[in-house]
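Trainee:
In our numbering, the protein residues as written are 1203 to 2001.
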């Protein structure tokens, strides 16, 4: 990025900072208060940046004497596009009638997928411990004291970035981290007549992204009079295809992570592979942004191996994107063969399209991009590349990598170069002391892994990063994990679901209860693609809202899942109820829940996850996951899951495949929103049915009856196996007679005066009555069989 482009990004990113001051204690025009705050308190002196803050609204801009090529005109236009200002009742300041500075941030899910809600977030900043700020229908008000604390936090953080001589792309990325930390739960607009579901952070970030597209487009078109193009003739500019929506998607992720056939350090290798791909994808994004002269402000979404980026619609930028795709896939083929491929696609668009004018144009844009990615994936290789791949056929009897079964580039330990590198690198990747991950323009060394052509990643502490920035000519960039470092030029933070309670699969099983089995859950949000493109009503389908939606959902899977696992809520033994309210599901104190789950995240991002653990913890976590997403999205999003149970020695590739089949069985259920356990047939339920009827009713009664005393517990083991056979078969008179016989054998004797014995007889009466009812009904029989399986696993030891 050149000097002016950096200034445009920073000015656009800070253009609405005065809203925090206005809502705190400064009742003046927020453009002026923001300008003076940055100039006098933060120490920014650059007039190009300050003018963008002061003149980003028409009333002040119209009467100004700034130059016709001032970047203030760019930010004015970018702000209007980002907020769809043409649909506002008037171009006014917050002091105008119809605005209320105490209005909270509304949930972006209020109007998604047919919702008509009015939920809001509590006043807070981002929580480092992963506590979820669930939206609530209860009255919420943002007072001046809250905004005062945000103002102070922003002031302290920005003072570390006040050196005008160091304004560059690292400055911009550091600024993004500060704004995300403090402005994520603050509304951009407080207009009473508008949806207030886009945060100030999302609005300021998107404004910067659009501004950084407008400047290169103006240059490419030879436009030097910004005032005329962007202010006087603004109506015509809205119709011009200034922007280029670009997307990339990695194919082969699941196979790369899960196709492992080795038995040593399986858990560590799985987590290392998952995080390695995360770093690789983020480096792909940054590589493209650098080649296009942009910052991470232009990254609209990244997660699950997929990314959306808004680029300038210039020939040089389109060529940069095409060259990036070609060189990236050439490197992927050279390094991973046909295992990984980057599908790409893009389409030009106007400001009106980003605002969904005319209605439907926004959805058409995303569908066009999606079709082009699909075309890219179906035309992966040229004829010369296919001939080269054919020359690489494996000879009969050739050695194979003992982890992934690849047969080329093997070491003496029968490991391919990638598996060998990951084995050496995995301990450092997963070490909590590894704060930073540094990209360098140099390959080599067992402590480094390739992430692009002639680039590798290694771990480092803070001091090492500082030293590399100053002294290492090969230094490229740095990423941190789940930390918000506000210091200049240190790192781009990545939110990563990295919770783990054990180092090995065996340890997970050993720390479990009941049968020694590994539990695995694979889960995926239902119909997310449809929700992303057309889930909002037509008038609200804009890039601004889509960016807020995608970032919010990504945070759930990449960050909040850590909190759900750290502070579990649901317990099987508690009769089917969560022992805390949903609002406390990620509370920091363990005594508010069941404590940390015995589980490890293999992958969570985008809209899906893969987690392993002790079988009971996985079932309980699945309930937490469903309830949390339901509350988080106000019921707008549903999730389907597959839960499998396996011996810990079973090959992880088969575990992944079979649990994926279970997830598919849930997706095949009418309306989805389901969970499948054990096998693909016979144990698929809608979530409410599973939680309320299988667990809350049938399992709960089994647990209460057979846990009443040690004697009943011992008698229950034999009874369960006999009763299962009866409930698997259709109702007939013989089965009813056999059921009566089995129940009669359980009937306790009368013991007059013995209160516990009488309590047990009452419980037995309830149990007998329910079993007769359930045996006559096919739905109840099926549910009872599943409940018996779960209870049997709970009371059995290792087999």
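Glycine included, each C-beta is placed from N, C-alpha and C at the ideal position.
Based on Cα-Cα distance, which residue from 1497, 1452, 1467 and 1500 lies nearest to residue 1480?
Mentor: For the purposes of this step, residue 1480 is taken as residue 278 along the chain shown, with counting starting at 1. That would be 1452, whose Cα lies nearest to the Cα of residue 1480.
Trainee: Report the rounded CA-to-CA distance for residue 1282 versus residue 1743, giving the unit in angstroms.
Mentor: As a first step, residue 1282 is located in the chain shown; it is residue number 80 there, counting from the start. As a first step, residue 1743 is located in the chain shown; it is residue number 541 there, counting from the start. Residue 1282 and residue 1743: Cα-Cα distance of roughly 16 Å.
Trainee: Pull the bridge partners of residue 1764 from the DSSP assignment, please.
Mentor: Sequence index remark: in the chain shown, residue 1764 carries index 562 (1-based). DSSP output for residue 1764 lists no bridge partner at all.
Trainee: Is residue 1908 helix, strand or coil by DSSP?
Mentor: Walking along the chain shown from the start, residue 1908 turns up at place 706. Residue state, collapsed to three classes: helix.
Trainee: Among residues of its own chain, excluding the 5 on either side of residue 1205, which ones have a beta-carbon nearer than 7 Å to its beta-carbon?
Mentor: Residue numbering aside, residue 1205 sits at position 3 when the chain shown is read from its first letter. Excluding sequence neighbours, residue 1205 sits near nothing in its chain.
Trainee: Is the Cβ-Cβ distance between residue 1489 and residue 1448 less than 8 Å?
Mentor: Translated into the one-based positions of the chain shown, residue 1489 becomes position 287. Translated into the one-based positions of the chain shown, residue 1448 becomes position 246. No.
Trainee: Report the CB separation of residue 1719 from residue 1847 in whole angstroms; it is logged as a contact under 8 Å.
Mentor: Within the chain shown, the letter at position 517 stands for residue 1719. Within the chain shown, the letter at position 645 stands for residue 1847. Yes, they are in contact, since the Cβ atoms of residue 1719 and residue 1847 sit about 4 Å apart, within 8 Å.
Trainee: Where do the ends of the beta strand (DSSP E) carrying residue 1662 lie?
Mentor: Translated into positions along the chain shown, residue 1662 becomes position 460. 1657-1662 is the span of the beta strand (DSSP E), which, as asked, contains residue 1662.
Trainee: Quick check on the DSSP output: what are the complete alpha helix (DSSP H) runs of length 4 or more inside the region 1366-1438, in order along the chain?
Mentor: The qualifying runs are 1371-1385 and 1402-1422.
Trainee: I want to know whether the region 1702-1712 touches the region 1635-1642 - three or more CB-CB distances under 8 Å.
Mentor: The region 1702-1712, when compared against the region 1635-1642, does not touch it at the 8 Å Cβ threshold.
Trainee: Over the uninterrupted beta strand (DSSP E) stretch that includes residue 1877, give me the two end residues.
Mentor: As a first step, residue 1877 is located in the chain shown; it is residue number 675 there, counting from the start. Counting along the chain, the beta strand (DSSP E) containing residue 1877 begins and ends at 1876-1879.
Trainee: Could you name the residues of the same chain whose beta carbon sits closer than 7 Å to that of residue 1482, not counting the 5 residues immediately before and after it, in chain order?
Mentor: Counted from its first residue, the chain shown places residue 1482 at position 280. Contacts found: 1653.
Trainee: Among 1619, 1699 and 1474, which residue has its Cα nearest to the Cα of residue 1538?
Mentor: Here residue 1538 refers to the residue found at position 336 of the chain shown. Nearest option by C-alpha distance: 1619.
Trainee: Looking at the secondary structure, which residues open and close the alpha helix (DSSP H) in which residue 1981 lies?
Mentor: Locating residue 1981 in the chain shown gives position 779, where the first residue counts as 1. Residue 1981 -> alpha helix (DSSP H) spans 1980-1997.
Trainee: Using only alpha-carbon positions, find the residue among 1943, 1990, 1929 and 1996 that is nearest to residue 1980.
Mentor: By one-based count along the chain shown, residue 1980 stands at place 778. If we check each option's Cα against that of residue 1980, 1929 comes out closest.
Trainee: Suppose you measure from the CA of residue 1322 to the CA of residue 1402; what does that come to, to the nearest Å?
Mentor: Position 120 of the chain shown, counting from 1, holds the residue named residue 1322. Position 200 of the chain shown, counting from 1, holds the residue named residue 1402. Whole-angstrom Cα-Cα distance: 14 Å.
Trainee: Hey, how far is the Cα of residue 1446 from the Cα of residue 1417?
Mentor: As a first step, residue 1446 is located in the chain shown; it is residue number 244 there, counting from the start. As a first step, residue 1417 is located in the chain shown; it is residue number 215 there, counting from the start. Approximately 14 Å between the Cα atoms of the pair.
Trainee: Can you give the Cα-Cα distance for residue 2071 and residue 1257, rounded to whole angstroms?
Mentor: There is simply no residue 2071 to check, as the chain begins at 1203 and stops at 2001 in what is shown.
Trainee: For the alpha helix (DSSP H) containing residue 2008, list its first residue and its last residue.
Mentor: This structure does not reach residue 2008, given that the chain is present from 1203 up to 2001, and the question cannot be answered.
Trainee: Per DSSP, residue 1502 is paired with what?
Mentor: By 1-based counting over the chain shown, the position of residue 1502 is 300. According to DSSP, residue 1502 bridges with nothing at all.
Trainee: Could you check whether the Cβ of residue 1816 sits closer than 8 Å to any Cβ belonging to chain C?
Mentor: Looking at the structure shown, chain C is missing, and only one protein chain is on hand.
Trainee: Roughly how many whole angstroms lie between the Cα atoms of residue 1773 and residue 1825?
Mentor: Here residue 1773 is taken as the residue at index 571 of the chain shown, counted from 1. Here residue 1825 is taken as the residue at index 623 of the chain shown, counted from 1. Their Cα atoms are separated by approximately 9 Å.
Trainee: Below 7 Å CB to CB, which residues in the same chain sit around residue 1998 once its five sequence neighbours on both sides are set aside?
Mentor: To locate residue 1998, count along the chain shown from 1; it is residue 796. Taken in chain order, the residues that qualify are 1716 and 1717.
Trainee: Figure out for me which residue from 1346, 1399 and 1260 has the closest Cα to the Cα of residue 1280.
Mentor: Counted from its first residue, the chain shown places residue 1280 at position 78. That would be 1260, whose Cα lies nearest to the Cα of residue 1280.
Trainee: Can you tell me the Cβ-Cβ gap for residue 1277 and residue 1217, rounded? I've got them flagged as a contact below 8 Å.
Mentor: Within the chain shown, numbered from 1, the residue matching residue 1277 stands at position 75. Within the chain shown, numbered from 1, the residue matching residue 1217 stands at position 15. 5 Å between Cβ atoms; contact.
Trainee: Check residue 1835 in the structure and name its three-state DSSP category.
Mentor: The count along the chain shown starts at 1 and reaches residue 1835 at position 633. In this structure, residue 1835 counts as coil in the three-state DSSP scheme.
Trainee: Short of 6 Å in beta carbon distance, which residues of its chain neighbour residue 1602, apart from the five on each side in sequence? Order them along the chain.
Mentor: Taking the first residue of the chain shown as 1, we reach residue 1602 at position 400. Once the five neighbours on either side are set aside, the close Cβ partners of residue 1602 are 1609.
Trainee: Using three-state DSSP, classify residue 1293 as helix, strand or coil.
Mentor: Residue mapping note: residue 1293 aligns to position 91 of the chain shown, counting from 1. In this prediction, residue 1293 has a pLDDT of 37, which is less than 50 and means its spatial position is unreliable; what the coordinates show is noted afterwards. DSSP places residue 1293 in coil when its eight states are reduced to three.
Trainee: Residue 1397 to residue 1386, Cα distance in whole Å?
Mentor: Position 195 of the chain shown, counted from the first residue, corresponds to residue 1397. Position 184 of the chain shown, counted from the first residue, corresponds to residue 1386. Cα-Cα distance, rounded: 16 Å.
Trainee: Would you kindly work out how many angstroms separate the C-alpha atoms of residue 1714 and residue 1758, rounded to a whole number?
Mentor: If you number the chain shown from 1, residue 1714 lands on position 512. If you number the chain shown from 1, residue 1758 lands on position 556. Each residue's alpha carbon lies about 26 Å from the other.
Trainee: Leaving out five residues on either side along the sequence, give the residues of the same chain with a beta carbon under 6 Å from the beta carbon of residue 1793.
Mentor: Within the chain shown, numbered from 1, the residue matching residue 1793 stands at position 591. At residue 1793, the pLDDT of 36 sits below 50, so the modelled position is not reliable; the number obtained from the coordinates is stated separately. Nothing meets the Cβ criterion.
Trainee: Could you check whether residue 1724 and residue 1865 sit closer than 8 Å to each other, using their CB atoms as the reference points?
Mentor: Residue numbering aside, residue 1865 sits at position 663 when the chain shown is read from its first letter. Residue numbering aside, residue 1724 sits at position 522 when the chain shown is read from its first letter. Yes. Within cutoff.
Trainee: Inspect the beta-carbon positions of residue 1478 and residue 1624 and report whether they are closer than 8 Å.
Mentor: Taking the chain shown and counting its residues from 1, one reaches residue 1478 at position 276. Taking the chain shown and counting its residues from 1, one reaches residue 1624 at position 422. Contact: yes.
Trainee: Buried or exposed: residue 1394, going by 16 or more other Cβ atoms within 10 Å of its Cβ?
Mentor: Residue mapping note: residue 1394 aligns to position 192 of the chain shown, counting from 1. Answer is exposed; the Cβ neighbour count stays below 16.
Trainee: How is residue 1218 classed by DSSP in three states: helix, strand or coil?
Mentor: Along the chain shown, read from residue 1 onward, the residue named residue 1218 stands at position 16. Three-state result, residue 1218: coil.
Trainee: What separation, rounded to the nearest whole angstrom, lies between the Cα atoms of residue 1643 and residue 1532?
Mentor: For the purposes of this step, residue 1643 is identified with residue 441 of the chain shown, where counting begins at 1. For the purposes of this step, residue 1532 is identified with residue 330 of the chain shown, where counting begins at 1. C-alpha separation (whole angstroms): 18 Å.
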